[in-house]
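A.B. asks: Below you will find the structure I want to go over with you.
Numbering (this note's numbering), first residue to last: 90 to 206.
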């Protein structure tokens, strides 16, 4: 939506939404979260303090990291831990200063399920 900042205002101010879920994994050929068109949307999200959930794969971690750096006060959630393939995607999951304790325990948590074997 070319006027996605207006949509953010509408859904939060008029409809009571507190956050949004983004799916960058459905756009493998572009860095959809970081496009120029989405800049105003992110600014509006930052002003309103929306909670953001990302349904993503590890290959998109750089986009999530860029948003986290640009808007450090936002609450960002990466569900499914980015569907990590821990051997191939280890660099995507390097610690971020604001990452939760669960991220720091990822190797132990996943290892219990045999994913590291």
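Ideal Cβ positions, reconstructed from N, Cα and C, are used throughout, including at glycine.
Hey, how far is the Cα of residue 143 from the Cα of residue 155?
C.D. replies: 13 Å
A.B. asks: Taking its Cβ as the centre, do 16 or more other Cβ atoms sit within 10 Å of residue 205, making it buried, or is it exposed?
C.D. replies: At residue 205 the pLDDT is 41, less than 50, meaning the model places this residue with poor confidence; the figure from the coordinates comes in the next sentence. Answer is exposed; the Cβ neighbour count stays below 16.
A.B. asks: Count the other C-beta atoms from every protein chain shown that fall within 10 angstroms of the C-beta of residue 136, then say buried if there are 16 or more, exposed otherwise.
C.D. replies: Exposed, because fewer than 16 other Cβ atoms sit within 10 Å of the Cβ of residue 136.
A.B. asks: Short check: CB of residue 122 to CB of residue 153, under 9 Å?
C.D. replies: yes
A.B. asks: Give me whichever residues DSSP pairs with residue 166 in a beta bridge.
C.D. replies: DSSP, once it has assigned bridges, lists 142 as partnering residue 166.
A.B. asks: Could you give the distance in angstroms between the alpha-carbon of residue 167 and the alpha-carbon of residue 149?
C.D. replies: 11 Å
A.B. asks: Taking only the alpha-carbon atoms, compute the straight-line gap between residue 120 and residue 157 and give it to the nearest angstrom.
C.D. replies: If you take the alpha carbons of residue 120 and residue 157, they lie about 15 Å apart.
A.B. asks: I need the DSSP call for residue 104, collapsed to helix, strand or coil.
C.D. replies: coil
A.B. asks: Take the Cβ of residue 161 as the centre, count every other Cβ of all protein chains shown within 10 Å, and call the residue buried at 16 or more, exposed below.
C.D. replies: So residue 161 ends up on the exposed side.
A.B. asks: Would you mind sorting residue 99 into buried or exposed? The rule is 16 or more other CB atoms within 10 Å of its CB.
C.D. replies: By the neighbour-count rule (16 or more Cβ atoms within 10 Å), residue 99 is not buried but exposed.
A.B. asks: Whole angstroms are fine: how far does the CA of residue 145 sit from the CA of residue 115?
C.D. replies: 8 Å
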